[in-house]
Amino acid sequence: MSDLAKAIGFSKAYIYKFFESKQAIGEMICTNCLLEIEQDVRAAVDEAEGAPEKLRRMFKTIVKSSLRLFFQDRKLYEIAASAAGERWAATVAYEQRIQDLLQDILQQGRQNGDFERKTPLDEMAKAVYLVLHPYLHPLILQYNFDNAEEAPTHLSSLVLRSLAP
1 MSDLAKAIGF
11 SKAYIYKFFE
21 SKQAIGEMIC
31 TNCLLEIEQD
41 VRAAVDEAEG
51 APEKLRRMFK
61 TIVKSSLRLF
71 FQDRKLYEIA
81 ASAAGERWAA
91 TVAYEQRIQD
101 LLQDILQQGR
111 QNGDFERKTP
121 LDEMAKAVYL
131 VLHPYLHPLI
141 LQYNFDNAEE
151 APTHLSSLVL
161 RSLAP
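Here UniProt numbering is used: the first residue of the sequence shown is 1, the next is one more, and so on.
Now the structure itself:
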(Lines of atoms letter the chains of each structure in order from A; the text may use other names.)
(Lines give C-alpha, C1' and ligand atoms only; values in the text may rest on other atoms or scores of the structure.)
Protein backbone atom coordinates (compact mmCIF):
# COMPACT_ATOMS: atom_id res chain seq x y z
CA MET A 1 0.00 0.00 0.00
CA SER A 2 2.88 2.33 0.79
CA ASP A 3 4.26 1.89 -2.73
CA LEU A 4 0.90 2.68 -4.29
CA ALA A 5 0.40 5.78 -2.15
CA LYS A 6 3.91 6.97 -2.92
CA ALA A 7 3.50 6.33 -6.66
CA ILE A 8 0.36 8.44 -6.91
CA GLY A 9 1.46 11.09 -4.41
CA PHE A 10 -1.04 10.46 -1.62
CA SER A 11 -0.84 9.14 1.91
CA LYS A 12 -2.03 5.63 2.77
CA ALA A 13 -4.67 7.09 5.06
CA TYR A 14 -6.04 9.23 2.25
CA ILE A 15 -6.31 6.22 -0.09
CA TYR A 16 -8.04 4.09 2.54
CA LYS A 17 -10.61 6.85 2.94
CA PHE A 18 -12.07 5.87 -0.46
CA PHE A 19 -11.96 2.09 -0.10
CA GLU A 20 -13.39 -0.33 2.44
CA SER A 21 -10.30 -2.53 2.55
CA LYS A 22 -6.98 -3.43 1.01
CA GLN A 23 -8.85 -6.10 -0.98
CA ALA A 24 -11.17 -3.44 -2.42
CA ILE A 25 -8.14 -1.50 -3.61
CA GLY A 26 -6.75 -4.66 -5.17
CA GLU A 27 -10.11 -5.31 -6.88
CA MET A 28 -10.09 -1.84 -8.40
CA ILE A 29 -6.50 -2.18 -9.60
CA CYS A 30 -7.25 -5.62 -11.03
CA THR A 31 -10.39 -4.37 -12.77
CA ASN A 32 -8.45 -1.55 -14.42
CA CYS A 33 -5.64 -3.86 -15.59
CA LEU A 34 -8.09 -6.36 -17.07
CA LEU A 35 -10.11 -3.61 -18.74
CA GLU A 36 -6.93 -2.37 -20.39
CA ILE A 37 -6.22 -5.86 -21.77
CA GLU A 38 -9.83 -6.20 -22.91
CA GLN A 39 -9.72 -2.82 -24.66
CA ASP A 40 -6.58 -3.91 -26.52
CA VAL A 41 -8.29 -7.14 -27.58
CA ARG A 42 -11.49 -5.41 -28.70
CA ALA A 43 -9.54 -2.80 -30.68
CA ALA A 44 -7.54 -5.51 -32.47
CA VAL A 45 -10.67 -7.54 -33.22
CA ASP A 46 -12.57 -4.47 -34.45
CA GLU A 47 -9.75 -3.60 -36.88
CA ALA A 48 -9.79 -7.05 -38.46
CA GLU A 49 -11.87 -8.07 -41.47
CA GLY A 50 -13.68 -11.39 -41.26
CA ALA A 51 -14.04 -13.85 -38.41
CA PRO A 52 -10.86 -15.87 -39.10
CA GLU A 53 -8.68 -12.76 -38.89
CA LYS A 54 -10.59 -11.53 -35.84
CA LEU A 55 -9.84 -14.84 -34.12
CA ARG A 56 -6.14 -14.63 -35.04
CA ARG A 57 -5.94 -11.09 -33.69
CA MET A 58 -7.75 -12.11 -30.52
CA PHE A 59 -5.19 -14.84 -29.80
CA LYS A 60 -2.23 -12.58 -30.59
CA THR A 61 -3.47 -9.59 -28.59
CA ILE A 62 -4.47 -11.58 -25.52
CA VAL A 63 -0.98 -13.05 -25.30
CA LYS A 64 0.78 -9.74 -26.04
CA SER A 65 -1.30 -7.71 -23.58
CA SER A 66 -1.16 -10.33 -20.83
CA LEU A 67 2.63 -10.54 -21.15
CA ARG A 68 2.88 -6.75 -21.08
CA LEU A 69 1.10 -6.77 -17.72
CA PHE A 70 3.51 -9.42 -16.46
CA PHE A 71 6.66 -7.59 -17.52
CA GLN A 72 5.53 -3.98 -17.11
CA ASP A 73 4.79 -4.00 -13.41
CA ARG A 74 5.44 -7.08 -11.34
CA LYS A 75 3.31 -5.85 -8.44
CA LEU A 76 0.30 -5.34 -10.69
CA TYR A 77 0.85 -8.82 -12.07
CA GLU A 78 0.94 -10.25 -8.55
CA ILE A 79 -2.40 -8.59 -7.79
CA ALA A 80 -3.86 -10.03 -11.01
CA ALA A 81 -2.46 -13.48 -10.19
CA SER A 82 -3.97 -13.35 -6.71
CA ALA A 83 -7.29 -12.19 -8.14
CA ALA A 84 -7.33 -15.01 -10.68
CA GLY A 85 -6.37 -17.62 -8.11
CA GLU A 86 -9.05 -16.48 -5.69
CA ARG A 87 -11.66 -15.92 -8.47
CA TRP A 88 -12.33 -12.29 -7.61
CA ALA A 89 -15.40 -10.77 -9.28
CA ALA A 90 -13.19 -8.69 -11.59
CA THR A 91 -11.53 -11.77 -13.09
CA VAL A 92 -14.78 -13.70 -13.42
CA ALA A 93 -16.40 -10.75 -15.24
CA TYR A 94 -13.34 -10.33 -17.49
CA GLU A 95 -13.32 -14.00 -18.46
CA GLN A 96 -17.04 -13.84 -19.24
CA ARG A 97 -16.60 -10.78 -21.46
CA ILE A 98 -13.78 -12.50 -23.34
CA GLN A 99 -15.95 -15.61 -23.77
CA ASP A 100 -18.81 -13.44 -25.05
CA LEU A 101 -16.52 -11.72 -27.56
CA LEU A 102 -15.20 -15.09 -28.69
CA GLN A 103 -18.72 -16.45 -29.14
CA ASP A 104 -19.65 -13.36 -31.21
CA ILE A 105 -16.66 -13.97 -33.49
CA LEU A 106 -17.56 -17.64 -33.89
CA GLN A 107 -21.20 -16.75 -34.63
CA GLN A 108 -20.09 -14.25 -37.26
CA GLY A 109 -17.83 -16.89 -38.81
CA ARG A 110 -20.72 -19.33 -39.01
CA GLN A 111 -23.03 -16.76 -40.58
CA ASN A 112 -20.43 -15.92 -43.22
CA GLY A 113 -19.66 -19.57 -43.97
CA ASP A 114 -16.11 -19.38 -42.57
CA PHE A 115 -16.75 -21.88 -39.75
CA GLU A 116 -18.56 -25.20 -39.54
CA ARG A 117 -22.10 -25.29 -38.17
CA LYS A 118 -22.38 -28.86 -36.95
CA THR A 119 -20.90 -28.38 -33.47
CA PRO A 120 -23.15 -26.51 -31.01
CA LEU A 121 -21.97 -22.90 -30.73
CA ASP A 122 -21.61 -22.97 -26.94
CA GLU A 123 -19.49 -26.14 -27.13
CA MET A 124 -17.31 -24.63 -29.86
CA ALA A 125 -16.86 -21.40 -27.89
CA LYS A 126 -15.95 -23.27 -24.70
CA ALA A 127 -13.36 -25.41 -26.52
CA VAL A 128 -11.69 -22.41 -28.16
CA TYR A 129 -11.76 -20.55 -24.85
CA LEU A 130 -9.96 -23.46 -23.17
CA VAL A 131 -7.21 -23.13 -25.78
CA LEU A 132 -6.89 -19.42 -24.90
CA HIS A 133 -7.12 -19.91 -21.14
CA PRO A 134 -3.40 -20.49 -20.42
CA TYR A 135 -2.70 -17.04 -21.86
CA LEU A 136 -5.56 -15.33 -20.02
CA HIS A 137 -4.83 -16.72 -16.58
CA PRO A 138 -1.84 -15.04 -14.86
CA LEU A 139 -0.97 -18.08 -12.74
CA ILE A 140 -0.74 -20.32 -15.81
CA LEU A 141 0.80 -17.67 -18.08
CA GLN A 142 4.06 -17.73 -16.16
CA TYR A 143 4.63 -21.31 -17.34
CA ASN A 144 4.13 -20.46 -21.02
CA PHE A 145 6.80 -17.81 -21.61
CA ASP A 146 8.98 -20.06 -23.74
CA ASN A 147 6.23 -20.45 -26.33
CA ALA A 148 4.55 -17.06 -26.00
CA GLU A 149 6.04 -15.61 -29.18
CA GLU A 150 4.85 -18.34 -31.53
CA ALA A 151 1.89 -19.74 -29.56
CA PRO A 152 -0.77 -17.32 -30.84
CA THR A 153 0.03 -18.13 -34.47
CA HIS A 154 0.21 -21.89 -33.98
CA LEU A 155 -2.83 -22.12 -31.73
CA SER A 156 -5.05 -19.86 -33.82
CA SER A 157 -4.06 -21.74 -36.98
CA LEU A 158 -4.91 -25.06 -35.37
CA VAL A 159 -8.24 -23.72 -34.09
CA LEU A 160 -9.10 -22.23 -37.48
CA ARG A 161 -8.37 -25.55 -39.23
CA SER A 162 -10.66 -27.32 -36.78
CA LEU A 163 -13.42 -24.76 -37.42
CA ALA A 164 -13.27 -25.03 -41.21
CA PRO A 165 -16.55 -26.06 -42.84
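Every residue, glycine too, gets a C-beta built ideally from N, C-alpha and C.
### Query
Are LEU69 and TYR77 closer than 7 Å when you measure CB to CB?
yes
### Query
Thinking just about the alpha-carbon of each residue, which of SER156, PRO138, TYR143 is nearest to the one in VAL128?
SER156
### Query
Excluding the five sequence neighbours on either side, which residues of its own chain have a C-beta within less than 8 Å of the C-beta of ASN144, listed in chain order?
The residues are PRO134, TYR135, ALA151.
### Outcome for residue 166 when other beta-carbon atoms lying within 10 angstroms are tallied against a minimum of 16
In the structure as shown, the chain starts at 1 and stops at 165, and residue 166 therefore has no counterpart that could be examined.
### Message
Just to confirm the assignment, what range does the alpha helix (DSSP H) spanning GLY50 have?
### Response
First-last for GLY50: undefined, no H or E at that position.
### Message
Using C-beta distances below 7 Å, list every residue in its chain close to ALA84, excluding the 5 sequence neighbours before and after it, in chain order.
### Response
Within the same chain, THR91, HIS137, PRO138, LEU139 come within 7 Å of ALA84 by CB-CB distance, once the 5 residues on both sides are set aside.
#### Entry: Proximity to HIS154 [Cα-Cα], best of ARG87, LYS60, ASP40
HIS154 has its Cα closest to that of LYS60, out of ARG87, LYS60, ASP40.
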